[in-house]
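Chemist: Please see the structure below; I have some questions.
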Amino acid sequence: MSSYSGRARVFSVRKLISRSVEASVMTKPYYSFQYQKGAFAGLLVLLLPIFFPHLFTPLGHASPSVFSEWNAPKPRHLPLLKGALQRQTSNMQQFDIWSPLADQGWKPCVESIKPPSLPRKSQGYIQVFLDGGLNQQRMGICDAVAVAKILNATLVIPHLEVNPVWKDSSTFTEIFDVNHFIEVLKDEISIVEELPEDYSWSTREYYATAIRATRIKTAPVRASANWYLENVLPVVQSYGIAAIAPFSHRLAFDNLPLDIQRLRCKVNFQALVFVPHIRALGDALISRLQDPPTKTVRLGSEYLQQTTGDKDKQGSGKFVVLHLRFDKDMAAHSACDFGGGKAEKLALAKYRQVIWQGRVLNSQFTDEELRNQGRCPMTPEEIGLLLAGLGFDNSTRLYLASHKVYGGEARIATLRMLFPLMEDKKSLASAEERAKIAGKASLLAALDYYVSMHSDIFISASPGNMHNALVGHRTYENLKTIRPNMALLGQLFLNKSMGWTEFQGAVLEGHNNRQGQIRLKKEKQSIYTYPAPDCMCLAQHK
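Take 7 as the starting number for the sequence shown in my numbering and just add one per residue.
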């Protein structure tokens, strides 16, 4: 194919897409060139197999095709997508969706019932080694403070293990403001950044080489306060130190003194703040989301912006954060079908075999059964249809909080069609601005967490540690947070005869009471996801 004919074909595709979108969508005059370019790029990837089929054919008997793991997924819900692209949202719908939560009569209560005080003498030192991602480690830090309080011990700043998936070696002090952490908790427990010289031998390497008397490795999941008093305190008293590893999820959520429960929330909601450079970058992203440009021209590391004059819209100056967790790990573990064809199914099945030796509970169910039970994570296309059904129009400022989306730009192309003003860290900040966090999964997650806490509305496409952490934190702050009704949505997406009006009605009805209303914690539920009533109280009470 000549370069001219290739350019002509791409031009014709762009022209075709442009006409199609113009016929279906009421476009806004302030869409910037970068949004159009992003939408075109995603749609072109979807159409590559049609216009350049040779890229998707095997190169030889031993060679896979260029995109062998998955084929560019086509939209799976075309009738709904067509309705969503043609949707018009009334002023009343816009008012309802953007209105903040009303006062629900609850307020934060994290201070001790009796004045906090430090023990006259510390029993010794407590070390913990925390695995998992940022939000799992965050909960572990809160539990570590509580255990130190229970034992009247001094807490060593927790050691964060390198996650085998994200491979981020960031330390506590590189993520969290350690001075603020110590200051907020100074009347509750003693905290040291490093062990004194007499205990400098107590390191991760020391415990990795042999069985050590000072290591506690048998802490049960959700252990009681009494377990720590009976099994850990004697070690601390005998050796002056105890190192607990593993420690994640090692403290019960129930049957603990109220002061301990409130202390856990005080750590989570007050003591743990991110380092200044994360907060500064987060504030810059928030400002750019709240004050969108009509044009964004990048010159080196500088962004020249013109502000929009569309200030009278209900959603003007506001934005939604979408936590889109759709990585390969989640897609494989769910055992659901995501429309990538036979190649994708085989690739995910192989991944399950390698990572979990095929032992995945969902594998015994059909895709339809899993969707009816609400056990399939939503695809970017489906979360886009949900947002459209809830009343968000195509001028919505949408911030995408995610690490890597399985399938890349082709997978999110439909979502971008529905919400062309979708942004992420890379589109809002220059490479220079992102230099300190580049390639560091925990710092990237911290930035997303910070922006999410300052959004007008937060929604997550599927449950997980970040979803749970933000649901709890935003409940504590009384912020609007939409919890997708996964079982309902699974059933709606299985109904291929449903039209847009019926779909939108079902979505609105099914999410009327899932937008941040207080839910009281039940037995065995996480205090970090359900802070009421332990860490919140009715306004007339203390």
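Glycine included, each C-beta is placed from N, C-alpha and C at the ideal position.
#1: Can you find at least 3 beta carbon pairs, one from the segment 121-132 and one from the segment 192-208, that sit closer than 8 Å?
#2: In whole angstroms, what is the alpha-carbon distance linking A229 and H186?
#3: Return yes when the Cβ of H339 is within less than 8 Å of the Cβ of H473, no when it is not.
#4: From this set, G395, L495 and L453, which residue's C-alpha is nearest R381's C-alpha?
#5: CA-CA distance, T314 and F325?
#6: What does a CB cutoff of less than 7 Å around P35 pick up in its chain, not counting 5 residues either side in sequence?
#7: So within the segment 246-282, which uninterrupted alpha helix (DSSP H) runs reach at least 4 residues, ignoring any that extend past its ends?
#8: With a CB to CB cut of under 8 Å and the five nearest residues on each side skipped, what residues in its chain are close to E117?
#9: Check the C-beta distance from A290 over to A435 and give it rounded, since I have them as a contact under 8 Å.
#10: Spatial neighbours of A45 within its chain, please: C-beta separation below 7 Å, excluding the five flanking residues on both sides.
#11: Determine the direct distance from the alpha carbon of C115 to that of Q546, and round the result to whole angstroms.
#12: Please go through the same chain and pick out, in chain order, the residues whose beta-carbon is closer than 6 Å to the beta-carbon of A553, but skip the five residues on each side of it.
#13: Going by Cα to Cα distance, which pick from F344, L393 and G395 is closest to T372?
#14: Between which residues of its own chain and P59 is the CB-CB distance below 6 Å, once the five residues before and five after are set aside?
#15: Is it true that the CB of I389 sits closer than 8 Å to the CB of A467?
#16: Residues in its own chain within less than 6 Å of G516 by CB, not counting five upstream and five downstream?
#17: Please look up how many angstroms separate the CB atoms of K527 and P539, rounded, as I've assumed it's under 8 Å.
#18: Name the two residues that bound the continuous beta strand (DSSP E) containing H329.
#19: Taking 8 Å as the threshold (C-beta atoms), are S458 and V327 in contact?
#20: Count the other CB atoms, across all protein chains shown, that sit within 10 Å of the CB of T549; report buried if there are 16 or more and exposed otherwise.
#21: If contacts are defined as beta-carbon pairs under 8 Å, then Y482 and F275 qualify, I think. What distance do you get, rounded to the angstrom?
#22: Could you give the DSSP three-state label for Q129: helix, strand or coil?
#23: Would you mind working out which of G346, F464, R440 and W207 sits nearest G414, comparing C-alpha positions?
#24: If we count Cβ pairs, one from each stretch, closer than 8 Å, do we get three or more for the segment 392-401 versus the segment 430-448?
#25: Taking Cβ positions, are V241 and T209 nearer each other than 8 Å?
Modeler: On the basis of the coordinates in this document:
#1: As far as the Cβ criterion goes, the segment 121-132 touches the segment 192-208, which means the pair count is three or higher.
#2: Counted from its first residue, the sequence shown places residue 229 at position 223. Counted from its first residue, the sequence shown places residue 186 at position 180. So the alpha carbons of these two residues sit roughly 29 Å apart.
#3: Position 467 of the sequence shown, counted from the first residue, corresponds to residue 473. Position 333 of the sequence shown, counted from the first residue, corresponds to residue 339. Going by C-beta atoms, H473 is not nearer than 8 Å to H339.
#4: For the purposes of this step, residue 381 is taken as the residue at position 375 of the sequence shown. Residue L495 holds the alpha-carbon nearest to the alpha-carbon of R381 among G395, L495 and L453.
#5: Position 308 of the sequence shown, counted from the start, is the residue given in the question as residue 314. Position 319 of the sequence shown, counted from the start, is the residue given in the question as residue 325. For T314, the pLDDT reaches just 37, beneath the cut-off of 50, and the residue's location in the model is therefore unreliable, although a value from the coordinates is still provided. Looking at the two C-alpha atoms, the distance is approximately 15 Å.
#6: The residue given as residue 35 occupies position 29 in the sequence shown. Any reading at P35 must be qualified, since the residue scores a pLDDT of 36, below 50, and its modelled position is unreliable; no value is offered.
#7: The segment 246-282 contains these whole alpha helix (DSSP H) runs: 264-272.
#8: Along the sequence shown, read from residue 1 onward, the residue named residue 117 stands at position 111. Hits under 8 Å: R268 and K272.
#9: Counting from 1 along the sequence shown, the entry for residue 290 is found at position 284. Counting from 1 along the sequence shown, the entry for residue 435 is found at position 429. With 8 Å as the limit, A290 and A435 qualify as a contact, their Cβ atoms being about 7 Å apart.
#10: As a position in the sequence shown, residue 45 is number 39, starting the count at 1. Low per-residue confidence applies at A45: pLDDT is 46, beneath 50, and the placement is therefore not dependable enough to give any value.
#11: On the sequence shown, residue 546 is found 540 positions in, with the first residue counted as 1. On the sequence shown, residue 115 is found 109 positions in, with the first residue counted as 1. Their backbone Cα atoms lie some 12 Å apart in a straight line.
#12: This structure gives no information on residue 553, because the portion of the chain shown stretches from 7 to 548.
#13: Start at 1 with the first residue of the sequence shown, and residue 372 comes out as number 366. T372 has its Cα closest to that of F344, out of F344, L393 and G395.
#14: As a working mapping, residue 59 is identified with position 53 in the sequence shown. Note that P59 has pLDDT 43, beneath the 50 cutoff, so the model's placement of it is unreliable and the number below is only indicative. Excluding residues up to 5 positions away in sequence, nothing lies with its Cβ nearer than 6 Å to the Cβ of P59 in the same chain.
#15: Walking along the sequence shown from the start, residue 467 turns up at place 461. Walking along the sequence shown from the start, residue 389 turns up at place 383. By the CB criterion at 8 Å, A467 and I389 fall inside the cutoff.
#16: Looking up residue 516 in the sequence shown gives position 510. For G516, the CB contacts under 6 Å within the same chain, skipping 5 residues up- and downstream, are N491 and L494 in chain order.
#17: As a first step, residue 527 is located in the sequence shown; it is residue number 521 there, counting from the start. As a first step, residue 539 is located in the sequence shown; it is residue number 533 there, counting from the start. Indeed they touch by this definition, with Cβ atoms about 7 Å apart.
#18: Taking the first residue of the sequence shown as position 1, residue 329 is located at position 323. It spans V326 to H329 - the beta strand (DSSP E) in which H329 sits, taken as one unbroken run.
#19: Residue mapping note: residue 327 aligns to position 321 of the sequence shown, counting from 1. Residue mapping note: residue 458 aligns to position 452 of the sequence shown, counting from 1. Taking 8 Å as the Cβ cut-off, V327 and S458 qualify as a contacting pair.
#20: With the chain covering 7 to 548 only, the question about residue 549 has no answer from this structure.
#21: Counted from its first residue, the sequence shown places residue 482 at position 476. Counted from its first residue, the sequence shown places residue 275 at position 269. The Cβ separation is near 5 Å, so the contact holds.
#22: Sequence index remark: in the sequence shown, residue 129 carries index 123 (1-based). If DSSP states are grouped into helix, strand and coil, Q129 belongs with coil.
#23: Along the sequence shown, one-based indexing puts residue 414 at 408. Nearest of G346, F464, R440 and W207 to G414, Cα basis: G346.
#24: The segment 392-401 is not in contact with the segment 430-448.
#25: Start at 1 with the first residue of the sequence shown, and residue 241 comes out as number 235. Start at 1 with the first residue of the sequence shown, and residue 209 comes out as number 203. No. Outside cutoff.
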